[in-house]
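First to last, the protein sequences are chains A and B. Per the working numbering, the very first residue in the first sequence carries number 213; after that it's consecutive. Per the working numbering, the very first residue in the second sequence carries number 3; after that it's consecutive. Using N, Cα and C, we set each Cβ at its ideal position, and we do this for glycine too. Predicted, not measured: the structure shown is a model, and the values here were computed from it. First comes the structure, then the notes that go with it.
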Amino acid sequence: MISALIAIGGTATRREFRGFLALATLVGVLQGLALATTVPVLLSLHHDDTGAAWGWLAVLGLVAAAGGTLLTRVTMRGFHLAMNVIVAMHRRLGQRLVELPIGWFTPATTGRTSHVAVRGTMFVAQTAMDILVPLTLHVVTPLTVAVTTCFYDWRMGLALLAAAPVIWLSATLAGRRNGAAERRIHDAASATNSRLLEFADKQLTLRSAGIEGTAYAPLDDAIDEQRRAGRRALWSSVLGLVLQGFVVQAAFGAAVTLGVYLAVRGTADPVHVVALIGLCAQFSGPLKILAELGTALRRSAVEVGAVRDLVELEGLPEPATPSPPPSRHDLVFDNVTFGYGEGLGKDSEPVLNGLSLTVPHHSMVALVGPSGSGKTTLTRLIARFWDVQEGAVTLGGTDVRELATDDLMAQLSLVFQDVYLFDDTLEANIRLGNPGATDEQVRRAAEFAAVTEIAERLPDGWQSTVGEGGRALSGGERQRVSIARALVKNAPVVLFDEATAALDPTTEAVVTESIRLLAGRATVLVIAHSLATVAQADSIAFLDGGVVVEHGTHDDLIARNGRYAQFWRSRESGHHRLDKAGASKGEQP
Amino acid sequence: MTDDQDTRQPRRVERITSGPLFRVLRPVLAPTAVAVTVQAVGSLCSVIPFSALLALADRLTQHQDLTQHQDVGGALIWFVAGLGIQSACGFLALLITHFADVGLQATLRRTLSTKLGRLPLGWFGEHSSGRVRQIVQNDVDSLHQLVAHTLVESVAGVLTPAVGLVFCFAVDWRLGLAVIAPMAVYFTVFSALSRTGNREIMARVSDELAAVSAAITDYFRGVVVLKVFGRAGEKYGRFTAVSERFRAEFTGLVRPAMRAQAVASVFLTASVMACSVFAVGVWSVQQHWTRAASVLVVSTVAMMLPAAILTIATSAQARAEAVEAAGRIVRLLDEPELPVTDREAELGDAAVEMRDVSFGYRQDRPVLRDITLTFPARTTTALVGPSGAGKSTLTALLARFHDVDQGQIRLGGVDVRDIPPGQLYRTVGVLLQEPQLPAVSVAENIALGRPDATRAEIERAAREALIHDRIAALPKGYDSVVGTDARLSGGEAQRIAIARLLLADTPVLVLDEATSAIDPDAAALLHGAIRRLAEGRTVIMIAHRLGSTTGADNTVVLEDGRVVEQGTHTQLLEHGGVYARMWNDWNDDVCGVAR
Numbered sequence: 213m214i215s216a217l218i219a220i221g222g223t224a225t226r227r228e229f230r231g232f233l234a235l236a237t238l239v240g241v242l243q244g245l246a247l248a249t250t251v252p253v254l255l256s257l258h259h260d261d262t263g264a265a266w267g268w269l270a271v272l273g274l275v276a277a278a279g280g281t282l283l284t285r286v287t288m289r290g291f292h293l294a295m296n297v298i299v300a301m302h303r304r305l306g307q308r309l310v311e312l313p314i315g316w317f318t319p320a321t322t323g324r325t326s327h328v329a330v331r332g333t334m335f336v337a338q339t340a341m342d343i344l345v346p347l348t349l350h351v352v353t354p355l356t357v358a359v360t361t362c363f364y365d366w367r368m369g370l371a372l373l374a375a376a377p378v379i380w381l382s383a384t385l386a387g388r389r390n391g392a393a394e395r396r397i398h399d400a401a402s403a404t405n406s407r408l409l410e411f412a413d414k415q416l417t418l419r420s421a422g423i424e425g426t427a428y429a430p431l432d433d434a435i436d437e438q439r440r441a442g443r444r445a446l447w448s449s450v451l452g453l454v455l456q457g458f459v460v461q462a463a464f465g466a467a468v469t470l471g472v473y474l475a476v477r478g479t480a481d482p483v484h485v486v487a488l489i490g491l492c493a494q495f496s497g498p499l500k501i502l503a504e505l506g507t508a509l510r511r512s513a514v515e516v517g518a519v520r521d522l523v524e525l526e527g528l529p530e531p532a533t534p535s536p537p538p539s540r541h542d543l544v545f546d547n548v549t550f551g552y553g554e555g556l557g558k559d560s561e562p563v564l565n566g567l568s569l570t571v572p573h574h575s576m577v578a579l580v581g582p583s584g585s586g587k588t589t590l591t592r593l594i595a596r597f598w599d600v601q602e603g604a605v606t607l608g609g610t611d612v613r614e615l616a617t618d619d620l621m622a623q624l625s626l627v628f629q630d631v632y633l634f635d636d637t638l639e640a641n642i643r644l645g646n647p648g649a650t651d652e653q654v655r656r657a658a659e660f661a662a663v664t665e666i667a668e669r670l671p672d673g674w675q676s677t678v679g680e681g682g683r684a685l686s687g688g689e690r691q692r693v694s695i696a697r698a699l700v701k702n703a704p705v706v707l708f709d710e711a712t713a714a715l716d717p718t719t720e721a722v723v724t725e726s727i728r729l730l731a732g733r734a735t736v737l738v739i740a741h742s743l744a745t746v747a748q749a750d751s752i753a754f755l756d757g758g759v760v761v762e763h764g765t766h767d768d769l770i771a772r773n774g775r776y777a778q779f780w781r782s783r784e785s786g787h788h789r790l791d792k793a794g795a796s797k798g799e800q801p
Numbered sequence: 003m004t005d006d007q008d009t010r011q012p013r014r015v016e017r018i019t020s021g022p023l024f025r026v027l028r029p030v031l032a033p034t035a036v037a038v039t040v041q042a043v044g045s046l047c048s049v050i051p052f053s054a055l056l057a058l059a060d061r062l063t064q065h066q067d068l069t070q071h072q073d074v075g076g077a078l079i080w081f082v083a084g085l086g087i088q089s090a091c092g093f094l095a096l097l098i099t100h101f102a103d104v105g106l107q108a109t110l111r112r113t114l115s116t117k118l119g120r121l122p123l124g125w126f127g128e129h130s131s132g133r134v135r136q137i138v139q140n141d142v143d144s145l146h147q148l149v150a151h152t153l154v155e156s157v158a159g160v161l162t163p164a165v166g167l168v169f170c171f172a173v174d175w176r177l178g179l180a181v182i183a184p185m186a187v188y189f190t191v192f193s194a195l196s197r198t199g200n201r202e203i204m205a206r207v208s209d210e211l212a213a214v215s216a217a218i219t220d221y222f223r224g225v226v227v228l229k230v231f232g233r234a235g236e237k238y239g240r241f242t243a244v245s246e247r248f249r250a251e252f253t254g255l256v257r258p259a260m261r262a263q264a265v266a267s268v269f270l271t272a273s274v275m276a277c278s279v280f281a282v283g284v285w286s287v288q289q290h291w292t293r294a295a296s297v298l299v300v301s302t303v304a305m306m307l308p309a310a311i312l313t314i315a316t317s318a319q320a321r322a323e324a325v326e327a328a329g330r331i332v333r334l335l336d337e338p339e340l341p342v343t344d345r346e347a348e349l350g351d352a353a354v355e356m357r358d359v360s361f362g363y364r365q366d367r368p369v370l371r372d373i374t375l376t377f378p379a380r381t382t383t384a385l386v387g388p389s390g391a392g393k394s395t396l397t398a399l400l401a402r403f404h405d406v407d408q409g410q411i412r413l414g415g416v417d418v419r420d421i422p423p424g425q426l427y428r429t430v431g432v433l434l435q436e437p438q439l440p441a442v443s444v445a446e447n448i449a450l451g452r453p454d455a456t457r458a459e460i461e462r463a464a465r466e467a468l469i470h471d472r473i474a475a476l477p478k479g480y481d482s483v484v485g486t487d488a489r490l491s492g493g494e495a496q497r498i499a500i501a502r503l504l505l506a507d508t509p510v511l512v513l514d515e516a517t518s519a520i521d522p523d524a525a526a527l528l529h530g531a532i533r534r535l536a537e538g539r540t541v542i543m544i545a546h547r548l549g550s551t552t553g554a555d556n557t558v559v560l561e562d563g564r565v566v567e568q569g570t571h572t573q574l575l576e577h578g579g580v581y582a583r584m585w586n587d588w589n590d591d592v593c594g595v596a597r
């Protein structure tokens, strides 16, 4: 856990940490020495040598005072250390997120990792305040006590020192059992928590399916499983805890017994023994507390470890020397292979299989094909949501991996199904495309994209916040805002996913018009669904199974009467026949 | 960061016996009480080793003739036994609380899920998921800490030192005072140095933590947006500024308390205790008021006290957290539920009626006004209108996601409020805008409303919904778990939902057709599936393709929350109003280019 903290905090933290530990150790030693001084005081007292007693007491006082002052100092240091770690943690996490590929950011991962970061913050703070200092002290002081006991009576001292590894061993074993037990409980709890959260998120579906209360089987099962896991782990964890305490008490008892035995046998001065008994108590007491601290420490370790994992995630490699932004804006896919890889089950063979395609500068290419053919993935790869596994994607002749991410993204406008709105005003979301745009430009783009009517509908007009991910808007409206943004940005390459076009007639019209507008002044790659769009395209690429199967203009492909023609015809027929079964109302245009 | 101990104890007990914590902990009150008692006994038994130690010390120092080692042996045995009893009691207490806690965790989760199942569906909106997440992931865990550890530890932390203190006084009152002195100094210094209003500070601290948590979450969510625009760096700057601010604020709030604690707790260290006791002790011995053995034992006991006390400090934090957590849980449990009835109703037919219905999400802004509509059995009604007109809201009310503010909705002649939810949803099937597929197998997804369905029935529904081929193509087929074994597109998820509805076979259907257009490649398939679904049922459908209205028995046009027109397609065209206008626009858009 300490290493995790240091990993998060960085090298500056390491130095600070070392200083902190050194000081804490010193405090521990001083406290131990102070305690050791009680023995001569007692001895003097017993021998009625009050002068010596006062003398030793003075020493005791001095050492105690020194220890006390430094204790204050080190506690505050620990606190500041933790604060530094927190700030460093935030900074590094923030940095890391900037470097991660866009494809990493699904709602699930984002939710999970923000949760990790939040808890990490809390735990680091708590650790610093409650755990770090006592932990060190409760290790160093007993050791010091044991060592000084050796000076007074080597047998008892040795007993204590011998007990130390035993205690440590039992603590480790107990800790490990505890740790394993807690992990199992934690996993079971996580599983239940996800089910419970799913239950909350999907209430609409579940309830409309007639599932009431805990009748949702997976949740029920998860709760039961958690209970079972809890019970199983219980014995482990409590046993572990107690074992540790027992061993410590046993050590104390043994030391006392030894002392008494020696005294009775006459091989040790009873008064010495009596004095040392007191000292032994100072050995066992702190160690007992250590056990409890250990539990708290382990909890923190889990959380902090999770943060460390996050911080060490691999980002998308930025080029060491980025190429300059290209002047031409043609797109070339050269033998691209890509699949989503692990984590998604065996359902994912490569989505793109050695696909090659050229989109000439300032032309419009429509991507058409059945769902799952790779159209969406293709567009994502241009924006480096992920990197290709084989082959290359080039923009204006430059591999996108050679461009600085910021430069690349500046060249692209994405009008996708994931609309990337955030909880800010309507206007800000549009302006995101081009912060330097004038109000006039923003309004014009909005007008074109039929966003003005959205502003009219919302209570605060342009200053209405759209909610997290644009929650306050309907699907079609979100799409329109995204289009307005693209218009404002006026990037030389536009990636358009028309799939959401049919969410409402207004959006549909806007989409068609905006594609028409953009086609003239940018390189457009559009996942097309409507005849209107396809008719405008300079060429159509028909995808299936991750490769381009046919390529040409609409008329060419229809004439060829191949896959494309077939596909198109079946779609067209579906488009018009929306009446009820049996009745053929011939109101078709 | 600590609560002052002894002086505040009565108030703490009070807080525990009333209020949210008590409610939440009620299921485990009995075992907790037992555990606390056991621990109390253990703590009280700590007097045994203390006394034994005194006897031991006396016998060892005074009796020069140690041939009477039975006495010594006897004292020794008592000493060890005493330690043993303490440990045993501690163990037993912890065991009991841990067991109780396991039960509590399960009970709490069940209670929460039952509650969630009864909240009006309208409650689940913008802020709800964060709240639920907080409760489920953090608060329940805080209670775990409290029940499993903190309660028992607190008892030990108070009683054991108390017993020790009494013992010290019993041995010699002067020495007893010497033990109290540092503790008194601790309290004084602590109160003097720490700012007043500890609770207020803690409230502000948790505000700060909440703020930074919100900032983190916000950053995580927002950064992807900015990455897409090549501006992620901007937000990063803001984020680090927030982080620094947090550090400054948090430090400012907590440092004085920490310093106070740091300084004050010096007086509780064993070495300072020893100083105090020995100072008084040496003086007392010099004055022949007491003997060295007493000083020894008292100092030994005294040096053990601080450790016990300091556990209270750490547990105070846990206690406070638990109280907060319980508060949040209770607030959720107290949320108003949708009033439901248990008794099954006699439903007439599959007709739906709305009479003078008005509704708004907020009091001041009605979304629907004076809606009176009839949806006769086995007919299809299409709802159209500009966005924001209230179509989604209307369908939400039909599915009783909220209760109407005014008016009535009747199903088969019975007010929907008088129909138990189970029966309601067996009668009314709902197809929502964004398909929500829980993370279970495809088969279970389809059979969500009919857990007793056979595989054959499930497959049949899937075939009719035109999704069977897609499922069969998956490596695990129907057993593929959604989300892990199978990633389904929007349109495919919709068809699973349609299969679900087919299997559920409800007489009434409320659906939003927008769903069917998410994946236009499958649009034809979807429309086909919906058509099958609609056969023979009462269907109320939000139409997004005006072509859908041509086949409907009745089309209702909504604008601004009111019904402005209704009729068949032909009638509405003839009427030449809103509908006719929309129809013409749409025609131009879609068909004009094809010509």
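- prompt: Along chain A, in chain order, which residues have C-beta atoms closer than 7 Å to that of residue 76 of chain B?
  reply: Looking up residue 76 of chain B in the second sequence gives position 74. None at all; the shortest Cβ gap to chain A is about 11 Å.
field: Rounded straight-line distance, which links the Cα of residue 56 of chain B to that of residue 88 of chain B
entry: One-based indexing of the second sequence puts residue 88 of chain B at position 86. One-based indexing of the second sequence puts residue 56 of chain B at position 54. Straight-line Cα distance between these residues: approximately 18 Å.
field: Pair within 9 Å by beta-carbon distance, residue 255 of chain B and residue 206 of chain B
entry: To locate residue 255 of chain B, count along the second sequence from 1; it is residue 253. To locate residue 206 of chain B, count along the second sequence from 1; it is residue 204. Yes, the Cβ-Cβ distance between residue 255 of chain B and residue 206 of chain B is below 9 Å.
query: Among B/479, B/270, B/353, B/567, which one has its Cα closest to the Cα of residue 508 of chain B?
result: Locating residue 508 of chain B in the second sequence gives position 506, counting from the first residue. Ranking B/479, B/270, B/353, B/567 by Cα distance to residue 508 of chain B puts B/353 first.
message: Taking its Cβ as the centre, do 16 or more other Cβ atoms sit within 10 Å of residue 423 of chain B, making it buried, or is it exposed?
response: Working through the second sequence from its first residue, we reach residue 423 of chain B at position 421. The residue is buried, with at least 16 neighbouring Cβ atoms inside 10 Å.
message: Less than 9 Å between the beta carbons of residue 260 of chain B and residue 308 of chain B, yes or no?
response: Taking the first residue of the second sequence as 1, we reach residue 260 of chain B at position 258. Taking the first residue of the second sequence as 1, we reach residue 308 of chain B at position 306. No.
message: Helix, strand or coil for residue 544 of chain B? Go by DSSP, reduced to three states.
response: Stepping through the second sequence from its first residue, residue 544 of chain B is reached at position 542. Three-state result, residue 544 of chain B: strand.
- request: Please name the residue, chosen from B/110, B/44, B/121, that lies closest to residue 91 of chain B on a Cα-to-Cα basis.
  value: For the purposes of this step, residue 91 of chain B is taken as the residue at position 89 of the second sequence. The option with the nearest alpha carbon to residue 91 of chain B is B/44.
message: Just verifying my parser: in three-state terms, what is the DSSP assignment at residue 420 of chain B?
response: Walking along the second sequence from the start, residue 420 of chain B turns up at place 418. Helix at residue 420 of chain B.
Reduced DSSP secondary structure (H/G/I, E/B, other) of residue 193 of chain B: Position 191 of the second sequence holds residue 193 of chain B. Looking at residue 193 of chain B - three-state DSSP - the assignment turns out to be helix.
Closer than 9 Å to chain B by CB, residue 457 of chain A: Here residue 457 of chain A refers to the residue found at position 245 of the first sequence. Chain B, which has a Cβ nearer than 9 Å to the Cβ of residue 457 of chain A, makes this yes.
- request: Please check the pair residue 379 of chain A and residue 460 of chain A, which I expect to be a contact at CB under 8 Å, by giving their CB distance rounded to whole angstroms.
  value: Reading the first sequence from its first residue, position 167 is the one you call residue 379 of chain A. Reading the first sequence from its first residue, position 248 is the one you call residue 460 of chain A. That belief holds up - the Cβ atoms of residue 379 of chain A and residue 460 of chain A are roughly 6 Å apart, short of 8 Å.
- prompt: DSSP on residue 355 of chain B, reduced to helix/strand/coil?
  reply: Position 353 of the second sequence, counting from 1, holds the residue named residue 355 of chain B. Here residue 355 of chain B sits in strand by DSSP.
message: Pop quiz: residue 505 of chain A and residue 346 of chain A are said to be a contact at Cβ under 8 Å. What is the actual Cβ separation, rounded to whole angstroms?
response: Working through the first sequence from its first residue, we reach residue 505 of chain A at position 293. Working through the first sequence from its first residue, we reach residue 346 of chain A at position 134. Correct: roughly 6 Å between the Cβ atoms.
message: Between B/402, B/563, B/492, which has its C-alpha nearest residue 342 of chain B's C-alpha?
response: For the purposes of this step, residue 342 of chain B is taken as residue 340 along the second sequence, with counting starting at 1. Among B/402, B/563, B/492, the Cα nearest to that of residue 342 of chain B is on B/402.
message: For residue 801 of chain A and residue 746 of chain A, what's the separation of their Cα atoms in angstroms?
response: Position 589 of the first sequence, counted from the first residue, corresponds to residue 801 of chain A. Position 534 of the first sequence, counted from the first residue, corresponds to residue 746 of chain A. Any reading at residue 801 of chain A must be qualified, since the residue scores a pLDDT of 32, below 50, and its modelled position is unreliable; no value is offered.
Rounded C-alpha distance that separates residue 447 of chain B from residue 439 of chain B: Here the question's residue 447 of chain B lines up with position 445 in the second sequence. Here the question's residue 439 of chain B lines up with position 437 in the second sequence. Whole-angstrom Cα-Cα distance: 7 Å.
- prompt: Hey, residue 283 of chain A and residue 241 of chain A are a contact pair by Cβ (cut 8 Å); roughly how many whole angstroms apart?
  reply: The residue labelled residue 283 of chain A in the question sits at position 71 within the first sequence. The residue labelled residue 241 of chain A in the question sits at position 29 within the first sequence. Wrong, their Cβ atoms sit about 12 Å apart, outside the cutoff.
field: Whole-number beta carbon distance between residue 216 of chain B and residue 41 of chain B, since they are thought to touch under 8 Å
entry: As a first step, residue 41 of chain B is located in the second sequence; it is residue number 39 there, counting from the start. As a first step, residue 216 of chain B is located in the second sequence; it is residue number 214 there, counting from the start. Not confirmed; about 39 Å, so no contact.
field: Opening and closing residue of the beta strand (DSSP E) in which residue 556 of chain B lies
entry: One-based indexing of the second sequence puts residue 556 of chain B at position 554. Looking at the DSSP string, the run of the beta strand (DSSP E) that includes residue 556 of chain B is 556-561.
- request: Answer with buried or exposed for residue 500 of chain B, where buried requires no fewer than 16 other C-beta atoms within 10 angstroms of its C-beta.
  value: As a first step, residue 500 of chain B is located in the second sequence; it is residue number 498 there, counting from the start. Residue 500 of chain B is buried by the Cβ-count criterion.
Under the three-state DSSP convention, the category residue 401 of chain B falls into: Mapped onto the second sequence, residue 401 of chain B falls at position 399. In the structure shown, residue 401 of chain B sits in coil (DSSP, three-state: anything other than H, G, I, E or B).
- prompt: Are the region 284-296 of chain A and the region 298-305 of chain B in contact at 8 Å, needing three or more beta carbon pairs?
  reply: no
Close-in-space but distant-in-sequence residues of the same chain around residue 565 of chain B (CB under 8 Å, 5 per side omitted): For the purposes of this step, residue 565 of chain B is taken as the residue at position 563 of the second sequence. 373, 374, 375, 558, 559.
- prompt: If you scan the region 376-459 of chain A from start to end, which runs of the alpha helix (DSSP H) of 4 or more residues do you find wholly inside it?
  reply: 415-420
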